Amino acid sequence: MDDTEKAAIASLRVKLTTNGYNDEMKSRSNFNAAALPGLAYRYREETPRNSLIKLFLLRSEVDRNAIANVFDDEELRGLLETGVLNETPEGAITAAYKIYPYEHLMLFCDYATSGMNDAVYTPGGDSAELARTGVRIPFESSLDLCTGSGIQALMGASHTEQATAVDLNPRAVHTARLNCLLNGIDNVNILAGDLYTPVASKTYDFITANPPFVTSQTTELFFRDGGLRGDDTLFAIMDGLPQHLNECGFAQIVTHLYEFDDISHIDQVHDFAQANGFEAILFLSEAFDKYQLASAQFSTYLTKYKKYQTEVTDYLVHLDKIRYKTGYLGVITFRNTGKFRFKKMFSLNKPVVFKVDNRAKLNAFYELSDSDSN
Ligand SMILES: C[S@@+](CC[C@H](N)C(=O)[O-])C[C@H]1O[C@@H](n2cnc3c(N)ncnc32)[C@H](O)[C@@H]1O
């Protein structure tokens, strides 16, 4: 990326911030398709802020006159060169990405997933749970596997000297690099490849991962499909931890954890920690049954009811075949202490029981003193 393009991305950050895009969008970034006409009406007036919202949230065109009120000619040229903006044959401007705000970050990711197996994942509830429960103490080195938009690597970058992030999907690698520029973060190195392969035998103080974890009969989406029982990538990540996690280092993984008639993922995590002398701390959501899992999985197809019905039914047949009993969303925290310990708590999405975004309580749970944290 040349200097004009880098300057254009930096200027985009300024435009988003000065026009209040971040604050306005925080409550609206996870709307469903039904909300679109209402939002288009709400933001119909021609203002710089509304032009940014039309481009990066509503996926609509903005004409050249309205764009001239947001970007000067050089900024526009740079953004067109990076491919962040495109020009239609009629001369209107469209955006190639959505911009999703999370905490202090703004993140390029993809608008829609249908028909795109390399879509860059828009941070979801899973990403937020890992970010909220993240260990936030100073580290020298970190590694974020399955980085997607780069959200976990970028959240960790503020308390890590040198961060590395890896993704198999070249489109995610490019997007995560754009996100470093958009957020003015220069201590994250984004690499393309399969899990630990690009980092060879390097070791880290802090490893994070949000792998594809959905049990799936197909491998249609890079970010979603985790193999027949949803655990292919999870176990490959766990297998690499003894080699890549420094002594006293932390590894945090968000994933679905399933119970089958014959196997329990939670027991497997327990046995792995015991075999390797790790401490394992689990935050779990309430359990969901196969009907909840199947309908949540295909909820985006609700507007095409026949397809939704077929997909949910086929998926239930698959869940019966693999003898699915129940599942949880979980954040697993491993610590390489050399001393096995296992603790488990049902608290995700249940701030009443334990407010996981309360730093002092979280630190107490991880047994970190306040002076450890930033
Ligand atoms: C659920 S998304 C998570 C994105 C982001 N870390 C987050 O928390 O929102 C999973 C990501 O894993 C990547 N991925 C899948 N298999 C991988 C592998 N074997 N090695 C590296 N990345 C992989 C996908 O391309 C996708 O970007």
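In this note's numbering, the protein residues as written are 1347 to 1720.
Just so you know, even glycine gets a beta-carbon here, dropped at the ideal spot from N, CA and C.
From a predicted model like this one, the values you see are computed outputs, not experimental measurements.
Task: DSSP three-state assignment for C1594, whether helix, strand or coil - done: Along the sequence shown, read from residue 1 onward, the residue named residue 1594 stands at position 248. C1594 falls in the strand class under three-state DSSP.
Open item on the list: Could you check if Q1589 belongs to the surroundings of ligand 2, using beta carbon to heavy atom distance under 7 Å?
Closed with: With respect to ligand 2, the structure shown offers nothing to examine, as its ligands consist of ligand 1.
Task: Beta carbon of V1702 nearer than 8 Å to that of T1479 - done: Locating residue 1702 in the sequence shown gives position 356, where the first residue counts as 1. Locating residue 1479 in the sequence shown gives position 133, where the first residue counts as 1. Cβ distance < 8 Å, so V1702 and T1479 count as in contact.
Task: Spatially closest choice to I1536 from D1513, N1529 and Y1550, by CA coordinates - done: The residue given as residue 1536 occupies position 190 in the sequence shown. Checked all of D1513, N1529 and Y1550; the closest Cα to I1536 is D1513.
TODO: Tell whether a beta-carbon distance below 8 Å holds between A1509 and S1488.
DONE: In the sequence shown, counting from the first residue as 1, residue 1509 sits at position 163. In the sequence shown, counting from the first residue as 1, residue 1488 sits at position 142. In this structure, S1488 lies closer than 8 Å to A1509 by Cβ.
Open item on the list: In chain order, what are the residue ranges of uninterrupted beta strand (DSSP E) at least 3 long that sit wholly in the region 1487-1564?
Closed with: If we require 3 residues or more, the beta strand (DSSP E) runs fully inside the region 1487-1564 come out as 1506-1513, 1534-1538 and 1550-1555.
TODO: Out of G1573, G1424 and Q1620, point me to the one whose CA is closest to S1357's CA.
DONE: Translated into the one-based positions of the sequence shown, residue 1357 becomes position 11. Residue G1424 is the option with its Cα nearest to S1357.
Open item on the list: Can you give me the C-alpha to C-alpha distance between T1393 and A1474, rounded to a whole angstrom?
Closed with: Taking the sequence shown and counting its residues from 1, one reaches residue 1393 at position 47. Taking the sequence shown and counting its residues from 1, one reaches residue 1474 at position 128. Taking the straight line joining both Cα atoms gives about 31 Å.
- [ ] Can you check the region 1640-1714 for any alpha helix (DSSP H) of at least 4 residues that lies completely inside it and give the ranges in chain order?
- [x] Within the region 1640-1714, the complete alpha helix (DSSP H) runs of at least 4 residues are 1651-1667 and 1705-1712.
TODO: Rounded to whole angstroms, what's the CA-CA distance from K1636 to T1434? Just pull it up for me.
DONE: Sequence index remark: in the sequence shown, residue 1636 carries index 290 (1-based). Sequence index remark: in the sequence shown, residue 1434 carries index 88 (1-based). Taking the straight line from one Cα to the other gives about 45 Å.
Open item on the list: Measuring only from the beta carbon, is V1512 closer than 7 Å to any heavy atom that is part of ligand 1?
Closed with: As a position in the sequence shown, residue 1512 is number 166, starting the count at 1. Yes, ligand 1 has a heavy atom inside 7 Å of this Cβ.
Task: Which residues DSSP lists as bridging D1571, in chain order - done: Position 225 of the sequence shown, counted from the start, is the residue given in the question as residue 1571. BP columns for D1571 point to V1560.
Task: Among E1593, V1416 and Y1542, the one whose alpha carbon lies nearest that of L1580 - done: As a first step, residue 1580 must be located in the sequence shown, where it is residue number 234. When only C-alpha atoms are compared, the closest one is Y1542.
Task: Beta-carbon spacing of T1428, G1502 below 8 Å - done: As a working mapping, residue 1428 is identified with position 82 in the sequence shown. As a working mapping, residue 1502 is identified with position 156 in the sequence shown. No.
Open item on the list: Check whether the region 1610-1630 and the region 1665-1684 are in contact - that is, three or more C-beta pairs closer than 8 Å.
Closed with: Between the region 1610-1630 and the region 1665-1684, the count of C-beta pairs closer than 8 Å reaches three or more; the two stretches touch.
Task: First through last residue of the alpha helix (DSSP H) which encompasses A1474 - done: Working through the sequence shown from its first residue, we reach residue 1474 at position 128. Here the alpha helix (DSSP H) through A1474 covers G1471 to R1478.
Open item on the list: Restricting to Cα atoms, I'd like to know which of Y1446, L1404 and T1565 is closest to N1525.
Closed with: As a position in the sequence shown, residue 1525 is number 179, starting the count at 1. It is Y1446.
Task: Straight-line Cα distance separating L1675 from D1577 - done: Against the sequence shown, residue 1577 aligns to sequence position 231. Against the sequence shown, residue 1675 aligns to sequence position 329. In this model, D1577 and L1675 are separated by some 13 Å (Cα to Cα).
Task: Alpha-carbon to alpha-carbon, E1449 and T1521 - done: Walking along the sequence shown from the start, residue 1521 turns up at place 175. Walking along the sequence shown from the start, residue 1449 turns up at place 103. Their Cα atoms are separated by approximately 18 Å.
Open item on the list: Against chain C, does Y1637 count as a neighbour if the rule is that its beta carbon must be under 8 Å from one of theirs?
Closed with: Absent here is chain C; the protein component of the structure consists of one chain.
Open item on the list: For L1527 and E1507, I'd like the C-alpha separation in whole angstroms.
Closed with: Numbered from its first residue, the sequence shown carries residue 1527 at position 181. Numbered from its first residue, the sequence shown carries residue 1507 at position 161. So the two alpha carbons sit approximately 17 Å from each other.
Open item on the list: Taking a contact to mean a Cβ-Cβ separation below 8 Å, would you say F1606 touches I1678 in this structure?
Closed with: Here residue 1606 corresponds to residue number 260 of the sequence shown, with the count starting at 1. Here residue 1678 corresponds to residue number 332 of the sequence shown, with the count starting at 1. Not in contact: F1606 and I1678 (Cβ atoms no closer than 8 Å).
Open item on the list: Judging by CA-CA distance, which residue of D1472, I1599 and D1660 is the nearest neighbour of F1680?
Closed with: Walking along the sequence shown from the start, residue 1680 turns up at place 334. Relative to the Cα of F1680, the nearest Cα in the group D1472, I1599 and D1660 belongs to I1599.
Task: Of the listed residues L1362, G1384, D1419 and D1369, nearest to L1401 (C-alpha basis) - done: Locating residue 1401 in the sequence shown gives position 55, where the first residue counts as 1. Minimum Cα distance to L1401 is reached at L1362.
- [ ] Just mark D1551 as buried or exposed, buried being the case when its beta carbon has 16 or more other beta carbons within 10 Å.
- [x] Here residue 1551 refers to the residue found at position 205 when the sequence shown is read from its first residue. When all chains shown are included, D1551 counts as buried.
Task: Reference H1602, options K1671, M1462, A1412 and D1490, closest by Cα - done: Within the sequence shown, residue 1602 is the residue found at index 256, counting from 1. For H1602, the nearest C-alpha among the options comes from K1671.
Task: C-beta atoms of N1556 and C1455 nearer than 8 Å - done: Looking up residue 1556 in the sequence shown gives position 210. Looking up residue 1455 in the sequence shown gives position 109. C1455 sits away from N1556, with the two beta carbons spaced by 8 Å or more.
Task: Pairwise C-alpha distance: Q1643 and D1369 - done: In the sequence shown, the residue the question calls residue 1369 occupies position 23. In the sequence shown, the residue the question calls residue 1643 occupies position 297. CA-CA distance, D1369 to Q1643, rounds to 29 Å.
Open item on the list: With the cut-off set at 8 Å, would you say N1463 and F1568 are in Cβ contact?
Closed with: In the sequence shown, residue 1463 corresponds to position 117, counting from 1. In the sequence shown, residue 1568 corresponds to position 222, counting from 1. Annotated as proximal: N1463 and F1568, with beta-carbon spacing under 8 Å.
Open item on the list: Pull the bridge partners of L1451 from the DSSP assignment, please.
Closed with: Position 105 of the sequence shown, counted from the start, is the residue given in the question as residue 1451. In the DSSP output, where bridge partners are listed per residue, L1451 has Y1448.
Task: According to DSSP, residues forming a beta bridge with A1626 - done: Mapped onto the sequence shown, residue 1626 falls at position 280. A1626 is bridged to F1680 and F1688.
- [ ] Classify V1615 as helix, strand or coil using the three-state DSSP reduction.
- [x] One-based indexing of the sequence shown puts residue 1615 at position 269. For V1615, the three-state secondary structure derived from DSSP is helix.
Open item on the list: Any heavy atom of ligand 1 inside 7 Å of the beta-carbon of P1394?
Closed with: By one-based count along the sequence shown, residue 1394 stands at place 48. Every heavy atom of ligand 1 is 7 Å or more from the Cβ of P1394, so no.
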